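Right, one structure below, let's go through it.
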Amino acid sequence: MRNTGPAGPPPGPRLASWLPGFLLLAGIWGTSFLLIKIGVAELHPIHVTLARVAAGALTLLIVLPLIGDRLPRDPQLWLHQCVVAAIGVALPFTLIGYGEQRIPSLLAGIWNATTPLIALPLAALVFRTETMTARRLAGTGLGFVGVLVVLGVWQGVGGGQFAGQLMCLGAAACYGATIPYQKRFVAGRSDSGVALAATQLILATGQLAVVAPIVAGAPPTPTRLSPTVIVSVLVLGAVGTGLAFVIHMRNIRLVGASTAATVTYVVPVVAVAAGVSVLGERLVWHQPVGALIVLAGVAIAQGTGLPRPARSGPLPGGTVPDSGSLLSGGPLPDSGSVMGGGPVDQSPGRPGVDHPVDVDTAERGPGAAEPLPVELTRRVGVGVDGEQTAGLDR
810 MRNTGPAGPP PGPRLASWLP GFLLLAGIWG TSFLLIKIGV AELHPIHVTL ARVAAGALTL
870 LIVLPLIGDR LPRDPQLWLH QCVVAAIGVA LPFTLIGYGE QRIPSLLAGI WNATTPLIAL
930 PLAALVFRTE TMTARRLAGT GLGFVGVLVV LGVWQGVGGG QFAGQLMCLG AAACYGATIP
990 YQKRFVAGRS DSGVALAATQ LILATGQLAV VAPIVAGAPP TPTRLSPTVI VSVLVLGAVG
1050 TGLAFVIHMR NIRLVGASTA ATVTYVVPVV AVAAGVSVLG ERLVWHQPVG ALIVLAGVAI
1110 AQGTGLPRPA RSGPLPGGTV PDSGSLLSGG PLPDSGSVMG GGPVDQSPGR PGVDHPVDVD
1170 TAERGPGAAE PLPVELTRRV GVGVDGEQTA GLDR
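Letter by letter, the sequence shown follows residues 810 to 1203 of the numbering used here.
Shown next as structure tokens:
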């Protein structure tokens, strides 16, 4: 006898359809901190940032016509994106570079995970785009206990490594401020996440082109740089700050924003593994313990575990829903902005893992950072109420 009852929900996407892209993105954003470390060995941090955002911008400008998209036309949006480019891309990317001159790359990856702990209080107290509940307050408090454990405050403070850690924490704070700003002034527009991430990177390139000569003078000619540094910086920009955001958007379309953004939990693990295996960096016991406490605080503030894959299929026209959660825009970080990376809420990259973060799209997205994150944002940041985004390198 035929069953005439109502049909159940469509099956979720097969693991094989989205897991490779998820793991690829975690690898790209997680190794961004390694590439920054290599770059600042021969280049001034602001020159590394300028080169990476320029390469990321060029990459997304090539991608846009290939996917039938274009840059936004609204002048008011460009003004808001100027702010996002400055505080969600140019400044945090540069701070991470300065920080990595003083601390191991794996520590920079750990600090990138603190972005949501800063974003939530700012969103609630300054931008009024979120409300602080008892759960969110408890999660934020626990996360900051983790920050103190990572710092090892019982050992005393001061010295170059402490200053480097504060710089990376400052980068996370930049991503954290970018996320609610985007939520208030950028989210809800019809422009795609890739277009918004490209805008952020273009504007950040212009800003850095003006500031970099003042801060650090002219960069060395390529002939004075080792091939390893040149390749690392180009890959950091084109792949870690540009293409990573496109991959993140694909993951969102396949599996939903919440599941796609759990890459935030994997990025610090990849950053630590890359630092230890490639650069021979060493962990002190309290650093991974503190990182776990930070991630636990983020999970409590969100009120969720690892979300299940979305049951709906790809969205028409490549659009991404916006539920209105704190980090629904994606870098990137470094991972917090375009990031990753941030964030592209990932300012390139929200992402910003170290990529710029763009709030409307990573429900989205670094990174972005995550443009973006896409650096984004960015970074990569994790939202509340089950919604998460990527931010970069952070």
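Ideal Cβ placement from N, Cα and C applies to all residues, glycine included.
None of these values were measured; they are calculated from a predicted model.
### Query
What is the DSSP secondary structure of Gln910, reduced to helix, strand or coil?
Of the three classes helix, strand and coil, the one that applies to Gln910 here is coil, per DSSP.
#### Entry: Straight-line gap, Ala1004 to Val995 (C-alpha atoms, nearest Å)
Looking at the two C-alpha atoms, the distance is approximately 12 angstroms.
### Query
Per DSSP, what kind of secondary structure is Thr868 in: helix, strand or coil?
Thr868 sits in a helix when the DSSP states are folded into three classes.
### Query
By DSSP, does Leu1070 sit in helix, in strand, or in coil?
Looking at the sequence itself, residue 1070 is Ala, so the reference to Leu does not match. Coil.
### Task
Below 6 angstroms CB to CB, which residues in the same chain sit around Cys983 once its five sequence neighbours on both sides are set aside?
For Cys983, where only same-chain residues beyond five positions count, the Cβ hits under 6 angstroms are Ile896, Leu900, Pro901.
### Query
For Leu1124, which residues from the same chain have a beta carbon less than 6 angstroms from its beta carbon, with the 5 sequence-adjacent residues on both sides left out?
A caution first: Leu1124 carries a pLDDT of 34, below 50, which makes its placement in the model unreliable, though a value can still be read off. Counting only Cβ-Cβ distances below 6 angstroms, and skipping sequence neighbours, we find Arg1062.
### Message
On the criterion of 16 or more Cβ atoms from any shown chain inside 10 Å, does Gln890 qualify as buried, or is it exposed?
### Response
So Gln890 counts as buried.
### Query
Among residues of its own chain, excluding the 5 on either side of Ala860, which ones have a beta-carbon nearer than 7 angstroms to its beta-carbon?
Listed in chain order, the non-local C-beta contacts of Ala860 below 7 angstroms within the same chain comprise Val1042, Gly1046, local neighbours out to five positions each way being set aside.
### Message
Just to confirm before moving on: does the CB-CB distance between Gly961 and Val1093 stay below 8 angstroms?
### Response
The answer is yes: Cβ separation under 8 angstroms.
### Contact check, Trp887 vs Thr1008, beta carbons under 8 angstroms
Yes, they are a contact pair.
### Task
Would you decide whether Ala825 is buried or exposed? Buried here means 16 or more other CB atoms lie within 10 Å of its CB.
Counting Cβ neighbours within 10 Å, Ala825 comes out exposed, since fewer than 16 surround it.
### Task
Quick one: measure Cβ to Cβ for Ile927 and Cys977, integer angstroms, because I've assumed they're closer than 8 angstroms.
Approximately 12 angstroms separates the beta-carbon atoms of Ile927 and Cys977; this is outside 8 angstroms, ruling out the contact.
### Message
Considering Cα atoms alone, identify which of Leu915, His856, Leu843, Ala850 is closest to Ala1013.
### Response
Of Leu915, His856, Leu843, Ala850, the smallest CA-CA separation from Ala1013 is found for His856.
### Query
Contact check, Leu1101 vs Leu1010 under 8 angstroms by CB: the rounded distance?
Not quite, the Cβ-Cβ distance comes to about 33 angstroms (not below 8 angstroms), so this is no contact.
### Task
Could you check which residue in Thr1050, Leu975, Val1038, Val1044 has the C-alpha nearest to that of Leu916?
When each option's Cα is compared against that of Leu916, the closest is Leu975.
### Sufficient close CB pairs (3 or more, under 8 angstroms) joining the region 1103–1110 to the region 919–933
Segments in contact, yes.
### Query
Is His856 helix, strand or coil when you go by DSSP?
Shown here, His856 sits in a helix according to DSSP, grouped into three states.
### Message
What ranges does the alpha helix (DSSP H) occupy inside the region 1027–1066, keeping only unbroken runs of at least 4 residues that lie completely in it?
### Response
Fully enclosed alpha helix (DSSP H) runs of 4 or longer: 1036–1044, 1053–1064.
### Arg945 classed as buried or exposed, judged by whether at least 16 other C-beta atoms fall within 10 angstroms
Buried is the call here.
### Query
Mapping DSSP to helix, strand and coil, what is Met941?
The answer is coil: DSSP assigns Met941 none of H, G, I, E or B.
### Query
Counting along the chain, where does the alpha helix (DSSP H) carrying Ile1109 start and finish?
Ile1109 -> alpha helix (DSSP H) spans 1095–1111.
### Message
Please return the same chain residues whose Cβ sits closer than 7 angstroms to the Cβ of Ile1039, not counting the five positions on each side in sequence.
### Response
Correct list, in chain order: Pro1031.
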